[in-house]
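Student: This is the structure, below, for whatever I ask next.
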Amino acid sequence: LRRTAAGLSQRERRTEISLSLWERVGVRAYPRALSNAFLAGVVTLSACASPDGNQASTSGPAGQPRAKTHLVAGIFSDPEGFQRNVTNPGGGGAGKAPGLTEAEWLLHNGLTYLDEDNLVKPRLAEAVPNTDNGLWKTFPDGRMETTWTLRKDVTWQDGAPFTADDVLFGVELNQDKELGIVSPPMLAMVERVQAPDAHTVVVTWKGPFIEADQLFGVGFTAGGMNAIPRPKHLLAQPLADDKPGFLALPYWREGYIGTGAYRMQEWVSGNHMLMVASDGYFLGRPKIDEIEIRLFSDINGVITSLLAGSINLSLGSGLNISQFLTIRDGNPDVKVVLADQLGTATPIFPQFIDPDPSVIGNVHFRRALLMGIDRQELNDTLNYGLGTVAHTWLQTDRPEYRAVANQVVAYDHDPRRAIEMIQGLGYRRGADGFFVDSSGQRLSPQLSSTEQAQQRMAIFPIVDYWKAIGIDAQPYIIPNAQVSDQELRAKFPAFHLVAIPLDPSSGSMQAFRSDSTPLPTSGYRGSNRSRYMAPDFDAMLDRYLTTIPIRERLSALSDILHRQTDQLTMMTLFYQGSAIIMGDSHVKGVTGKTVWNAHTWEMT
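Residue numbers for the sequence shown follow the working numbering, beginning at 154 and rising by one.
Dropping the structure here:
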């Protein structure tokens, strides 16, 4: 916030008032007194000043000054450093740091990345290994080999060459159990990693693994990082000298050195990070000169700053749909893209072990209940109309869906048919309109959720839909005090509604297996929520998890989805609404939630 020297006392007071008011809405402004000599040049300089008030540089074409471009982003976290990304990659509990992985992607790259279409693309490697290009080989004994050829035009931001030794060093750090780094689970399947030369890395796998091409990439795990390369020339000696102090090195903060489009210049705790364009970036110097990332400990600070226009963009998670809508309606200058991609499906899980009532084990009863729910109305009201009806957990806009769509069984909203199906099971409607069995016992299944579940309010209209077709369903919200009771969570009597991330990854598919079922022998821990167990279904999952060629793997996925939708092992309702902030009107080129193309972003 600039002020003139003339009339300083009065203007200084106004400046102080402005600073105080701006701080309340999340704007951190700093006063700068301008000399009278400087004021003489203000008119000239203003012609080439950037919209955010940055002073002009002198690097423009034909000797003309060019405005320095400065993007201000916000993240809903104030972490101690990037070590959070390797010590708590899932971002759970107190370690959650939304936006921190995106900040690190600006500074560094993996061998591969995931683009906005969920496709694996090469970055520090020349190609993604696959069976067609011969870089992914399978052997008769079940072992595999993936080969990575590194680009030869990549350097670290201190000028040192990027080599295969850096990839091997990254693996070494992830495998060192004394460091406190959470190793990517896939590394347990690796037999050895070798570097035949400075630009080749060969990984030998103990057995089939469908995501082997993601080992050295970013954007794939919940935390966004796998075994990415680290600068051996900078970190090997400090690791040898002081292993306990390794994660406290300046490297993890203001001393970070990567291979990315931007390099770290400044990190002020509780305030901001400042990153500047890397002149030697192998994909070309970024178009935006500086990216400032402001650190917010309160999500309302992010929202207020977007509404006030004091930040151009927000990075990472932390906002819900209603907050996205608040930003869209409160500042038309901020581009909020709604339903650009489908979010996670919201499913109802039926109980398959000793359900109460026992008719839940009958697939015709489950089909009737699903047909009794107006899922389109649920999406339009609870989901702000931003998703679509979900007939399976696999989003219809994912690249895999087209290959499997004809195997997905759909159930349209048809209350009359639902009533007929329940009557066909031997139930009759009493004088009050509710179904009863032969002994006069009313059908009263429980539909539960938790206070923590984002879509928990959906259980009340669902109960109303079921009552309308004669099912006296009972809603139940599990209180927070009992959420950690694993046995209670596993042994819900009838139906349980909870939205969990599901995708075609190995982790999600493993969650459907019988050995992932919460049982007394496992302390009721496990991710198979419905507790559906069938040996032939496990065989389908195993075929998917061990099939490397993509066409054969999609065939296995088709069989899995057909079984799940035909037997309704889960009853999916709708895909949750999603939204992305592409930045305000000054920002051009943002394509999605990640920052893989940040070097192409522009500021007007």
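Positions of the beta carbon are idealized from the N, C-alpha and C atoms, including for glycine.
Give me the residue from Trp301, Asn271 and Ile452 with the minimum Cα distance to Ala365.
Tutor: Trp301
Student: Would Pro384 and Asp432 be called neighbours here (beta carbons separated by less than 8 Å)?
Tutor: No, the pair does not count as a contact, with Cβ atoms beyond the cut-off.
Student: Please state the DSSP three-state secondary structure of Leu326.
Tutor: helix
Student: Taking the alpha helix (DSSP H) that Pro337 falls in, what are its first and last residues?
Tutor: Segment: none, Pro337 is in no alpha helix (DSSP H) and carries neither H nor E.
Student: Are Gln717 and Gly496 closer than 8 Å when you measure CB to CB?
Tutor: no
Student: Exposed or buried, Asn241, counting other C-beta atoms within 10 Å across all chains shown (16 or more means buried)?
Tutor: buried
Student: Can you grab the Cα-Cα spacing for the pair Gly593 / Gly586, in whole Å?
Tutor: 13 Å
Student: Determine the contact status of Ser711 and Val557, defining contact as a CB-CB distance below 8 Å.
Tutor: yes
Student: Using DSSP with H/G/I as helix, E/B as strand and the rest coil, what is Trp358?
Tutor: Annotated three-state conformation of Trp358 is strand, per DSSP.
Student: Quick one: measure Cβ to Cβ for Ala430 and Tyr409, integer angstroms, because I've assumed they're closer than 8 Å.
Tutor: Not a contact, Cβ separation roughly 15 Å.
Student: Could you pull the start and end residues of the alpha helix (DSSP H) that Ile612 belongs to?
Tutor: Looking at the DSSP string, the run of the alpha helix (DSSP H) that includes Ile612 is Ile612 to Ala621.
Student: Between which two residues does the alpha helix (DSSP H) harbouring Val557 extend?
Tutor: Tyr554 to Val557
Student: Taking 8 Å as the cut-off, decide whether the C-beta atoms of Leu714 and Val516 are in contact.
Tutor: no
Student: Mark Thr153 as exposed unless 16 or more other C-beta atoms lie within 10 angstroms of its C-beta, in which case mark it buried.
Tutor: Look at the range of the chain in this structure, 154 to 757, and you will see that residue 153 is not part of it.
Student: Taking the runs of the alpha helix (DSSP H) that are 4 residues or longer, which of them lie wholly in the segment 484-569?
Tutor: Counting only runs of at least 4 residues, the segment 484-569 fully encloses the following alpha helix (DSSP H) elements, listed from N- to C-terminal order: 516-524, 528-535 and 554-557.
Student: Could you pull out every residue in the same chain whose Cβ sits closer than 7 Å to the Cβ of Gly246, ignoring the five residues on either side in sequence?
Tutor: For Gly246, the predicted structure reports a pLDDT of 45, less than 50, and the residue's modelled location is therefore unreliable. A value from the coordinates is still provided. Nothing listed; no residue qualifies.
Student: Tell me the DSSP secondary structure of Ile381 in three-state form.
Tutor: It is coil, neither helix nor strand.
Student: Is Met297 helix, strand or coil when you go by DSSP?
Tutor: strand
Student: Less than 8 Å between the beta carbons of Val740 and Leu224, yes or no?
Tutor: Yes, they are a contact pair.
Student: What did DSSP end up calling Tyr697 once you bin it into helix, strand or coil?
Tutor: helix
Student: Which residue wins for smallest C-alpha separation from Glu738, given the options Ile653, Asn465, Phe665 and Ala643?
Tutor: Per the sequence shown, residue 738 should be read as Ser rather than Glu. Checking every option, the nearest Cα to that of Ser738 belongs to Asn465.
Student: Counting along the chain, where does the alpha helix (DSSP H) carrying Leu468 start and finish?
Tutor: From DSSP, Leu468 is part of no alpha helix (DSSP H); its letter is neither H nor E.
Student: Expressed to the nearest angstrom, what Euclidean distance is found between the alpha-carbon atoms of Ser422 and Ala313?
Tutor: 29 Å
Student: With 16 other CB atoms within 10 Å as the buried threshold, where does Lys221 fall?
Tutor: buried
Student: Helix, strand or coil, according to DSSP, for Leu714 in the structure here?
Tutor: helix
Student: Can you name the start and end residues of the alpha helix (DSSP H) that Trp258 belongs to?
Tutor: Leu253 to Leu260
Student: Which parts of the segment 217-242 are runs of the alpha helix (DSSP H), unbroken and 4 residues or longer, counting only runs that do not cross its ends?
Tutor: 237-240
Student: Using the C-alpha atoms, what's the distance from Phe648 back to Ile506?
Tutor: If I take the Cα positions, the gap works out to 12 Å.
Student: I'd like the list of long-range same chain contacts for Phe399, defined as Cβ closer than 7 Å, with 5 residues on each side in sequence excluded.
Tutor: Closer than 7 Å at the Cβ level, and outside the excluded window around Phe399, lie Leu332, Pro391 and Leu392.
Student: Verify whether the separation of the beta carbon atoms of Val542 and Phe727 is less than 8 Å.
Tutor: yes
Student: Can you look up Met574 in the DSSP assignment and give me helix, strand or coil?
Tutor: helix
Student: Measure how close the beta-carbons of Pro758 and Gly469 come, nearest whole angstrom, since I'm counting them as under 8 Å.
Tutor: Past the edges of the chain, shown from 154 to 757, lies residue 758, and the structure says nothing about it.
Student: Three or more C-beta pairs under 8 Å: does that hold for the segment 525-543 against the segment 685-695?
Tutor: The segment 525-543 vs the segment 685-695: no contact.
Student: Asn681: buried (16+ other C-beta within 10 angstroms of its C-beta) or exposed?
Tutor: buried
Student: Identify, in the order they occur along the chain, each residue of the same chain with its Cβ nearer than 7 Å to the Cβ of His425, setting aside the five sequence neighbours on each side.
Tutor: Glu445, Ile446, Arg447 and Leu448
Student: Determine, using beta carbons only, whether Ile733 and Val487 come nearer to each other than 8 Å.
Tutor: no
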